[in-house]
Each structure stands twice: as structure tokens, then as C-alpha cells.
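Protein chains in written order, with numbering that gives the first Met the number 0: chain A, 0 to 449; chain B, 0 to 307; chain C, 0 to 449. No residue lacks a Cβ here, since even glycine has one placed at the ideal position from N, Cα and C. As the structure is a prediction and not an experimental result, all values here were calculated from the model.
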Amino acid sequence: MFVAAYWIGRSKATGMRNLATKAQPLHSLPRYYGYQMLIWCAVPAITVFALWMGLESTVLTKLVKLSLPDEIRNLPGGEFNLIINDIKNIAVGNISQSQSDPIRTTAAADYSINLGFSKWARAVVVLVAGLLGAYFGYKRITYSARARIFVEKVIMIFLITCSCLAILTTVGIVLSVLFESLRFFDKVPFSDFAFGLHWSPQTSIRADQVGSSGSFGAVPIFAGTLLISAIAMLVAVPFGLMSAIYLAEYATPRVRAWVKPLLEILAGIPTVVYGFFAALTVAPMIRGFGESIGLSVASESALAAGLVMGIMIIPFVSSLSDDVITAVPQSMRDGSLGLGATKSETIRKVVIPAALPGVVGGILLAVSRAIGETMIVVMAAGLAANLTINPLEAVTTVTVQIVTLLTGDQAFDSPKTLAAFALGLMLFVTTLILNVIALRTVRKYREQYE
Amino acid sequence: MTSNNSDASTNTDTSSASSVTSSLGPLDLEKGQGTKEQSIEEIVASLGDTVGKTRVDNPKMSATGVDVFYADKQAIFGVDLDIANNEVISMIGPSGCGKSTLLRCLNRMNDTIPICKVTGELTLDGEDIYGRDTDPVLLRARVGMVFQKPNPFPKSIYENVAYGPRLHGLSRNKSELDDIVITSLRKAGIFEEVKDRLDAPGTGLSGGQQQRLCIARTIACSPEVILMDEPCSALDPIATAKIEELINELSENYAIAIVTHSMQQAARVSQRTAYFHLGKLVEVGHTADIFTNPRHELTEKYITGRFG
Amino acid sequence: MNHTDPTDSETSDADRSSTDTLGMTRSDTTAKVKASIKKRYARERRFRLYGLIAILSSLSFLAILVFTITKNGLPAFKQTFIQLDVTLDAKTLGLGDEPDQAQLLKANYNGTIKKALLAQFPDVKKRKDKKALYKLISKGGQYDLQRQVMESPDLIGQSKTVWLPAGDDASGYLKGMVDVTIPEKKRRFKDNQIEWIESLKQDNRVAERFNWTFFERGDSREPEMAGIKGALFGSILTLMVTLILSFPIAVASAIYLEEFAPRNKWTDIIEVNINNLAAVPSIVFGLLGLAVFINFFQLPRSAPVVGGLVLSLMTLPTIIISSRAALKSVPPSIRDAALGLGASNLQVVFHHVLPLALPGILTGTIIGMAQALGETAPLLMIGMVAFIVDVPATITDPATVLPVQIFQWADLPEKGFVEKTSAAIMVLLAFLVAMNTFAVILRRKFERKW
């Protein structure tokens, strides 16, 4: 239909162009009239289609609900939803009819009839909308119509909408996380969450325990996150920074051309692979080593997760630092070398101090990544929320808790799942602050040398 | 051709092809304007020995048959030149003539460019500076360098000047270091302007002050030779005048080589002048002679502003 | 004399600095510099060494990781089969005279296999031993048999020689992964089982073939029958959704921001927003997906369409940023030239700038897609972690993706899954390497310096 609209519009305009006179020229190329008509046809059709799809399931469910007997209709929300699901499944044929009771079967029959009707009605309505739009568009093909300007305006609106999507995403994140968190803080006071020392969400499954149990103290989780991130940064910063320095200052272009992509491979490996590596190889190794020197090491020690996370972040730190170090002007190095400094003296006393803001920015970004990293800790760190700074014990992190709390089969509004959103809010806010500071530092640094 | 001490009037390119020789040299100065632009390439193609006196008695540094290559491209062709004690020698010539490259060879700053290769002999006090036993760090402490763009370190003024002495361990204690810093700043003629804010960042000074700070930084290492690579090209006339004055004062104690694009500057500050063209040293002589009575056609053309 | 490599002489000078021939001069600078120079060069060498160590250890981390995974994963590409003479008599199968397809589906193939095994080893009498014997053949073997019988029902009543996949432990033993020096009690694979396998081997009844099962089947609880086809298709569907959504939107917003957007506060906000989104932890996007797409819009859980939505929100910033860089690198002279010919702003962009920037945009897109392919955490949030055997056919079917499959298998205790996990990781890495290589080639081929 859309293609037809385009061709009709275009051919009408082409015909008109052939008849066009100097006094009354065709404003735009025929093509644009085609596009114009296409837009007139497509926009209403697609809008109607989208609206229909959006409302369909709600309306149909309502209809089913009306047809059901009262005793089912008055069931509590969860059970009622189950029944509706059953009915839908029967209608689609996922559950054979013989296994269900007659009420559901008849409801299902109704449902499938309605569904079929809806399909037809949808097609008709969309078609009509499209045709109406196309007719309107067709009428608008005249000599003076500024088709190109119209088309360009529409494209522009599309471009602007797309670029606002980023904002929309952020707003979406903030709203969804904030909204659920507020519901959580309704049930559990914020002070308990932020300052409580005991975390065990499992004890609060029964609704009457919520709030009074005080089991949502997130301090051990934050401490665990910090511990693992700190270990990771202890690995990543020296290794990453020294690699960057070597690559930027000492390595020959040939070595650089080989080593840089290799390090980038390290950055491109999915985190789930690191997690597997940590759980399968590194953790047992550390444990074996610890036991051989008489230390008791938890099998899911913070050290293993932190180490592997550090390895993951090395290329991140090194490529950011590399950019920053190469941005230090050569004249700075010349000045130092010209005074008789050795290369390492130049690097340590001139280049690094000059690059410091940029390096710090990069490290902050890396910290934010370490805090938000999920798979490595899910696979290699523990679940128990221990409040400890001993890297050989198992600790848990914010991301681990979010995953464990949300992958179970909980009702969505239980405090347990809501707690995950509260943790998510904390995570988002922390990383956001780190990112804003880091990006700003790096940008300022760049401007300084541009 | 190790030395070229003979008087230039008898020295018209003995080694180059005779057919071209006739079209150049000091005798052809009065050639017509119309054919001049084309003939420059011809002249360059046949450039031979340097005109003028390349050697001095008791040189501080001297270059003999120096060739410099960037990868496959040769930037300097067999240059001979001496730098005398307590004297300013200026190097002039059109862009890309190799004067900065030669300057950077004198304290091995070209080592920082991996594709750069230097052959020939360069000596400091008679010792080969590219010799196997020569240490570039020591060399650069003895042969300081001031760069085209002022490049103070992002540190305080004090730290900028103290950087070199600290590296080399020139002071035994804080008060000795203070002395070095203050003396250097004084010698560089900037002390009065900054004495109240030695802790302020060096990058906060004006361009001319920054350049003088860089000079102070260089002399804080008490070098024997100071190399200056167009030190005033980024500065305004007033700052330039100050630096020139400073160069005059410094020449009492140091051997100074300065690359400049400004012929007036060369005339003002230097005792000897060397004119380079496309990697070749065309003419050397007393500054007054070069500017009033150039002997080589190219020098004459450059000085009178007909190209470059 | 030739000094071809100045940097070389710089370092080698250190040792000889004491015998420096520059000699003592009138200035005492020389003496003072010489006093400390040995130490300074030692420090220089040390510093350089640290850099080298940092790089080498980062690279060796990479090597160890790849080596471990490959070592564990390679055996999974081989599958061991055991040849048995099965008698497909109707009685053992529990079939009547004229079995229909439904009956054939439910027939007792397992019993047939057991019988064949007992026929092969008539001495096995004890219950415990029998059980151990049955374990030689995979539980999936019956499905192979079932398929063969259902394809040609006239096999019933005949004897047939078939190759059946070996059980988990047996194939582990045949691949040489069972350490026979361990005392029997601590071993899962017992002495009598080894004896049987060896005798089968002597009869040439054991064979090793390329493991097509791994690519042709979905998930399974039996390691030897588990395959990645389901996950692979899930990944492909998810990536398709991601690509279709994120590519046009990202390019559109990059065009707007780079070419048309006025420099004002609003575009500044959008820009900061995009940069921040690029650094938001991926799990937060998962929370967004859970709250918005699943709870609010009621989209199906575990479906590639939701996964694709979440991943495209996640990859948008990456693609936008690289697209903008690509657009920026097109010189303004081309824009001016086209504008000078009377093209409208949009025509300039779509006819001239975009085609020139396309290689760069595509490179960024591929890198974004590679990122999305390896992403796990947000998909856990939207329920793609369920145990799904079937291969998904549409974007609304429940599905899992490759990295999530890896995560699931990594958690399973059976030894066979370690090799499966590693093999799945190898497949995933192969895809990533292919995508990145393609991106690099694209960049190299179309890279233009203006």
C-alpha cells in the first residue's frame, strides 16, 4: 500500500511536471511528491495499527473478564491473572482443552473468537486509515505545494525524536528505578536500608515480617562491592597505567601496532567468560595456594572475583591513559629531555603530572565500571552478605544481589524484588556521579591541550 | 673537505660541474630580475662547498660532514660548522632548510625521533657527541636548549627552574637549590617580575615571561652551550626585545647558537651568521659581512627578500 | 661513522658512563651529573622493565585465559559413539501390532538399549552393575533410536546395528579425561565400566566423530546431548531486533546532533546524556527493561524482542558516538561544495556526507553489535535465563542467548558441562573475533585521510 502511494504520488507529479509552465512551475521534484503521499498514507495507518496493538490485549482481557462468572472475577489479583493466562493458553492451543474445566474452555472459545475478530477489524481499520491519508495526500499534490520542504520537515522531526531517545532512556531508567525504590522505602525505612548492618532478604518472605525484621541493611553489600572493586583497581591501575606508559613512550610503532589490538581483545571478551574463568580456574587456584600456606580461603573469595575483574579492566585503564598520555604535547617532553632528564624522569616528573587529571578521570570511569560489573561477581563472588575486609572471605555485591533477587519467581511487588530496585537506584546514582565527574575531568583536560 | 678556511673569492664551487658553475656564484649578482626565479632551482642543484669561514680557533662545538636522514629523506647534506666560545651564532634560511634539524643534533634531541639518523662528526670540546661512550643525558646537561614555543612544565615557577638541578643533583641542600633558582631567574631577567609568586604555576605567565622562565630553567643546569630554536617566534615585539637583550648578556658566559626566521634579529644578536638552504650550509661569516656584503647569490637573494 | 639507532646507544651508554670519555671540564656540572648518573640509568631501566612486565603480564593473562578455555573446550567438539546391536522387537518397545505415530513416540526405546547392552555383556548380573552398565550409553540415545524408528516404522521387529552417543562419564574416559591412577572409590567412572569400554573398544565398537549434536540441538540436562542451537538462534534473533532498532535511530540522532543541532543547552544536555548512558552499568538497563517493557507494557518474558529492545537501548550510545565521529571526519569542504550547487541541507547530508561516513558508522555499529552479543546481565533481568529446550522461531518465543547459556551451564555440576561451557565460549569468541576483524578490515579499507 505504501509503495503504491509513493508511485501514485510520483506519477501524478511527473505528469504535472510535463504540463508545467514557466508561470506555474512544479515546486519540487516528482519524487518528493511521492514521498509526501507516502508519509500521508503511512503515518495514520501505522499510528492506528500501533494504538490497536497496544489496546488489544487490555480490551480483550476486559471482555473475557465480563464473561466470567462472579466468583472467578472476585478472586485476588494473582490467581485471577493465572486463570486469564490459562484461558489465553487454551485459546492459542498451548494447553489441550481436555485438561481444563468448562468455564475456562468457553471463556477461551469466546476469547479466540474475539481475537479473530480483532485481527480482521484491525486490518480493515488500518487499511481505511491508510487510504484516507493517501487520498488527502493525493489532493495535496499541486503545483504550488512545497513537497520537498514538507518531506524535509518530517525527516527533521524524525531525527530530533531519535536524538531525544537518549534523554527518554535516562528518564525511563530514573523513573522505573525510582518508582519501585519509593515503594520499597514505603515498606522499609530508608535509614534501615542505608545504615543497617544485616542483610538477609530471605527472612522477609512473610509479609508480616517486613520492616520489623530490619533485614534489609545494605551496608555489608556496599562494603563487599567496595572491597571487590578496590581489589580490581589494585590490579588494573598499576598494570593498565604501566602498559599505557610503555606503549605510549617506549614501544616502537611496530610493537604498538601489535600489542594495542591484543589488549583490546582483552577488553572485548564478554564478562561471562571472565566469570567462568574466575570460577573455574582462578578461585580454585587461589584457594589451593592459600591452603598450601595455611590460610583458609573461601571458595568464592573476594580476591578471585576482584583479581579477574582487575584483569578485565586493565585494557580499559590502559587505553584511556594511553589517549591521555599521547595528548601531552611533545614540547613538554622536549623541554625535559633538553635539560638532560632521562626518559623515565621525564615521564614520572613531567608527563604523568601533566596527564594526571585525564588519568584520574579514566580511573574514575574504570571504578564506575568495576562497581557496575555483574557477571564476574555473580559467577565468582558469594551470596552471603558478610561485613568483612578480609579478601579471602566471600562477600557479596550490589549487582549480585540484584540478580539473585530478580531471577527467582517472586511476585513483583514483594519487598524482596523491590529491594533489588532500591539497590539498582544506589548503583545508578553512584555510577552516574562517578561518570559525570570523570567525563568532565577528561573533557577539561582535553580542552587544556587543544 | 674538512676545512674551508681559504678566502671565499677564490672559492667558487671547485667540485661542482663547471657548466653550471658559470651561472652562479658571487660574480653573478647583477643578473637580470626576469630569469631569477627559475634560476634558483639551478643554483640549488649545483650547490657545492660552503662560502665563508666555517672554522674558528678553539671551537666549543664543531660539526664536520654532518648528514641527517629522516627515514629515506636526507635533511642535511655534509655540513661543516664551528660554534665558538662566548659568541652567538645565528642560523638563518628559508623554512625546511634544516637549520632546526642541525640545532637539534647538537644536543641529540633528534634521538627522540626514531626514524632520524645522523652521520658525520659532531664534537663538544673535541669529543664526539654521537660516540659510543657519550651519554646524551650528560650532553644535554652541558648543552641546554630553548624551544620555539615556550614550554614551561605544569608546575610552579620555582619547580620549573629547580627541575634540572634536582635531576642532576647539582645542589646539596635546599638553600643551595634556592640559590641556583634565584640566580638563574636573575640571569634570565625575570626574577623581579616573579619573585613574589614563585609558587604560582609557570603556565600562568605571559608568553615572553614563559620563554624567559624556560631560559632560566636551562641555565639553572649551568650548561656550556645554549641552543635556541626560534625562541621569539611566538612572542610579541616587546617580549622579543627583552629576550634579545638577554641573549646579548648571556653570550658573555655561554656559547649560543640561535635559529631564527627574523634577519633583523640575527643581525641584532649574533656575531656570526650561517645561511642554510635546502639542507646545505651556503654561507657563513661575520654577521656584518653577511648582511652588508653577502658573497653567495642565494644569500644575497634571501637577505634582500626575494624568496624564502 | 654511523649511528643508526640513537635510542639503542642511549640505553647502552649507562654501563659505560663511569668511563665516559667526554672528560672532565672546567664546569663542575659534569662532575656532579656523573656522580649520580649510574643510579639514574638504573632507575630508567627499572622503570622500563616495569612497563614491559605490565604489558607482558596483561598479554599472558589473555594467553592463559584463551588456553584454559580452549583446553577445556576442544574435547566438546568430538563426540564418542558406541556401536550396539539392538533388537527392535515390539514387545520390548511396548507396542501393539499396528502402532500409530503417537504410540511410536512413547515407546520404550530405553529398554531396548538396555537389553542390547545386556546382550553385549551377558556376564553382568548384579543390579548395581547393570545400572553402571546402562550409564555407558547416554540417556539421549533413546531419542536417536526414536527418530530412526519413527522415520521408518518397518524397522520394528528387526535387528539393527546402531551408533549411540556414549554417556557423560564414558565419553570423558574415552577422551582421556579420567585419571585412572586415582583410587576407584574416589572416581565416578568405576573399574568395571572401564573394563566394558575397553572390550567395546577392542571390538571396534567405539568411535569418535565431530560433535554435530552440539550444533544441532537445544539445551538439555544431559551434557552429552546439550547443544547450542537454541541459544545461537536466540542470539541471532535478539541481535536482529537490536540492529533493526538501534542502527536507524542511532544514525538519525547522530546526524541530527552532528549536522543540524543548534549549539544550545538542550543539545548539551543530550550530549552529556549520551556520554553518561554509555557508561551506565548494563544491569541497570536490565532493570529498565524489567520495569518498563515487561511490567508496564506486558511484553512476554524471555523473548528475544524484549532482549533486543534492552540491548538496543544499551548499544545506542556506542553507535551514536562512533557515528558522530565518522560524520565529523567528513571535511566541511564537501558540504560547502554541495551547498554551493543549491542542494538543501538534508540533501547534502543524505547524498554526500552520509555515504562518505558510512564505513565509519558501520564499523561502530559492528562493534556495538559485538558488545550486545556478549552481554549477559541485562538479559538475566528480563528472564532469558529459563531452561529452554526448543529452538526459537519468532521474536516472541521464549529463548535464551549464547552468553546466558554459558552462564547457565557454568553453574551446573556435571563434569561434562565444563567442556560444553568452554566450547560454547569458543563459539561465542569466534563470532566476536569474526565481527571485530570485519570491523577492522572495513576501517582499514575505507579509511581516508582528508
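Item: Please return the same chain residues whose Cβ sits closer than 7 Å to the Cβ of C/Q407, not counting the five positions on each side in sequence.; Value: V384
Item: Can you check DSSP and say which residues form a bridge with A/W198?; Value: A/F215
Item: So what does C/W162 bridge to, in DSSP terms?; Value: C/Q82
Item: Start and end of the alpha helix (DSSP H) containing A/Y245?; Value: Run containing A/Y245: none; DSSP gives neither H nor E here.
Item: Among all the DSSP beta bridges, which residues are the ones paired with B/C115?; Value: B/Y69
Item: Is it buried or exposed for C/D396, if we count other Cβ within 10 angstroms and need 16 for buried?; Value: buried
Item: Could you tell me if B/M144 is buried or exposed, where buried requires 16 or more neighbouring beta carbons within 10 angstroms of its beta carbon?; Value: buried
Item: Over the uninterrupted alpha helix (DSSP H) stretch that includes B/H167, give me the two end residues.; Value: 156–167
Item: Could you tell me whether the Cβ of B/L115 comes closer than 7 Å to any Cβ of chain A?; Value: One point to set straight first is that residue 115 of chain B is Cys, not Leu, in the sequence displayed. Answer no: the Cβ-Cβ gap between B/C115 and chain A never drops below 7 Å.
Item: Near B/F190, which residues of its chain fall below 7 Å by C-beta distance, leaving aside the five closest residues on each side in sequence?; Value: I181, L184
Item: Contact criterion: CB-CB distance below 7 Å. Does A/A250 meet it with respect to chain B?; Value: no
Item: Under the DSSP definition of a beta bridge, which residues are partnered with B/T122?; Value: B/S61, B/D127
Item: Kindly provide the ranges of any alpha helix (DSSP H) runs that are 4 or more residues long and lie completely inside the region 316–378 of chain C, ordered along the chain.; Value: 331–339, 344–347, 353–373
Item: If you draw a straight line from the C-alpha of A/S317 to the C-alpha of A/A369, how long is it?; Value: 15 Å
Item: Taking the continuous alpha helix (DSSP H) assigned at B/S89, which residues delimit it?; Value: Careful: B/S89 lies outside any alpha helix (DSSP H), inside the beta strand (DSSP E) at 87–91.
Item: Taking the C-alpha atoms as reference points, what is the distance between B/R103 and B/P58?; Value: 18 Å
Item: Beta-carbon of C/K31 versus every beta-carbon of chain B: anything under 7 Å?; Value: yes
Item: Can you list, in chain order, the residues of its chain whose CB lies under 7 Å from that of C/T75, leaving out five sequence neighbours each side?; Value: Residue identity check: residue 75 of chain C is Ala in the sequence provided, not Thr. Result list for C/A75: N210, F213, E418, K419, S421, A422, in chain order.
Item: With a floor of 3 residues, list each beta strand (DSSP E) that falls wholly inside the region 187–231 of chain C, ordered by position along the chain.; Value: 205–209
Item: Which residues of chain A have a Cβ atom closer than 8 Å to the Cβ of C/S281, listed in chain order?; Value: G371, T373
Item: State whether the region 64–80 of chain C contacts the region 159–177 of chain C, with contact taken as three or more CB pairs (one from each stretch) at a distance under 8 Å.; Value: yes
Item: Give me the Cα-Cα distance between A/L438 and C/K264, rounded to the nearest whole angstrom.; Value: 17 Å
Item: So, with DSSP's three-state summary, where would you put C/M176?; Value: coil
Item: Find the residues of chain A that neighbour C/F259, judging by a C-beta separation of less than 9 Å, and give them in chain order.; Value: M155, L158, I159
Item: With a floor of 3 residues, list each beta strand (DSSP E) that falls wholly inside the region 175–248 of chain B, ordered by position along the chain.; Value: 224–228
Item: For chain A, check one thing: does any of its Cβ atoms lie closer than 7 Å to the Cβ of B/V67?; Value: no
Item: First and last residue of the beta strand (DSSP E) that includes B/A254?; Value: 254–258
Item: Measure the C-alpha to C-alpha separation of C/G95 and C/R126 and round it to an integer number of angstroms.; Value: 29 Å
Item: What is the rounded straight-line gap between the Cα of A/K348 and the Cα of B/V281?; Value: 41 Å
Item: Does the distance between the C-beta of C/V439 and the nearest non-hydrogen atom of the ligand PLP fall short of 6 Å?; Value: Ligands are entirely absent from the displayed structure, and the ligand PLP is therefore not among its contents.
Item: Can you give the Cα-Cα distance for B/N172 and B/Q209, rounded to whole angstroms?; Value: 26 Å
Item: Could you confirm whether any beta carbon from chain B is found closer than 7 Å to the beta carbon of A/S300?; Value: no
Item: Out of curiosity, what's the CA-to-CA distance linking C/R204 and C/A118?; Value: 14 Å
Item: For B/G51, write down the residues that DSSP places opposite it in a beta bridge.; Value: B/V283
Item: Going along chain C, which residues have a C-beta under 7 Å from B/C104?; Value: Within chain C, no residue comes near B/C104; the closest Cβ sits about 10 Å away, beyond 7 Å.
Item: B/A140 touches chain C at which residues, Cβ-Cβ below 7 Å?; Value: T28, V32
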